[in-house]
Amino acid sequence: DTGVSQDPRHKITKRGQNVTFRCDPISEHNRLYWYRQTLGQGPEFLTYFQNEAQLEKSRLLSDRFSAERPKGSFSTLEIQRTEQGDSAMYLCASSQGWGGQETQYFGPGTRLLVL
Amino acid sequence: DAKTTQPPSMDCAEGRAANLPCNHSTISGNEYVYWYRQIHSQGPQYIIHGLKNNETNEMASLIITEDRKSSTLILPHATLRDTAVYYCIVRANAGGTSYGKLTFGQGTILTVHP
């Protein structure tokens, strides 16, 4: 068990470019979450998957954002036409189980800087 | 999910116990109390969670009051590496499709000094 991994760890892009982040959850975890964290704030929920189904999306997830989890394993988060306000840490977490048995484990995050 | 209130910052001497309080006066019967911490520039790290009984693991102890309106996270022997932002989160344990997400507040910045 190597934990949740995210790639890349850092990304610098120019405004208007598209970026894609990848998250590899802990093996056999059926739930996968994406959060965004801006400087000085706690993480904010973006979306989550149960297996390959995307069950909830936050209002923070504008139409420039899209997330996928093909085959219920790794997930990708794409941001199209990036804006400076997209600069943040993007965190992925995975979990399994239900109710009080569910604990989310976070990856190290991808730090995005939009110039 | 119920809202939580934590002090913005706390200090603790190395080797002493760190007691981090959290108020969650609107907590519902099916909501758990979770604690995470985040060391600078890293992803949040799970610490402990509980429903109504006190809990202890290798990292910390969680004391929940009988009325469940507040809780305290205890780090028994704080070290410099425990310096981090500590988040207290209340989350429903079942129901609907959205119960899984965690709602983070501002947390408590714990500084452990020599």
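Those protein sequence lines, which keep their order, are chains A and B.
All residue numbers for the first sequence refer to my numbering, where the first residue is 187 and numbers rise by one.
All residue numbers for the second sequence refer to my numbering, where the first residue is 16 and numbers rise by one.
For every residue, glycine included, the Cβ atom is placed at its ideal position computed from N, Cα and C.
- Per DSSP, reduced to three states, the secondary structure at ASP210/A is strand.
- Annotation: the continuous beta strand (DSSP E) that includes ASP26/B extends over 24 to 28.
- Distances from the CA of ALA107/B to each of THR71/B, GLY65/B, PRO129/B and ARG96/B were compared; the closest alpha carbon is that of GLY65/B.
- Contact between TYR61/B and TYR291/A holds, since their C-beta atoms are separated by about 6 Å, short of 8 Å.
- Chain-ordered listing is empty here: chain B has no CB closer than 7 Å to the CB of GLY258/A, the nearest sitting near 15 Å.
- Using a 10 angstroms sphere on the CB of LEU246/A, the tally of other CB atoms stays under 16, which defines it as exposed.
- In this structure, the CA atom of PRO211/A is about 19 Å from the CA atom of GLN53/B.
- ALA32/B is classed as exposed because its beta carbon has fewer than 16 other beta carbons within 10 Å across all chains shown.
- Straight across, the Cα-Cα distance linking SER40/B with GLY202/A is about 45 Å.
- Under the DSSP assignment, PHE231/A falls in the beta strand (DSSP E) whose first and last residues are 230 to 236.
- Its chain contains ASN69 and THR87 as the residues whose beta carbon lies nearer than 6 Å to that of ILE78/B, once the 5 sequence neighbours on both sides are disregarded; these appear in chain order.
- In the DSSP assignment, ASN34/B falls within the unbroken beta strand (DSSP E) covering 33 to 38.
- With contacts defined by Cβ atoms closer than 8 Å, TYR102/B and PHE119/B form a contacting pair.
- Distance from the CA of GLN236/A to the CA of GLU242/A, rounded to the nearest whole angstrom, comes to 10 Å.
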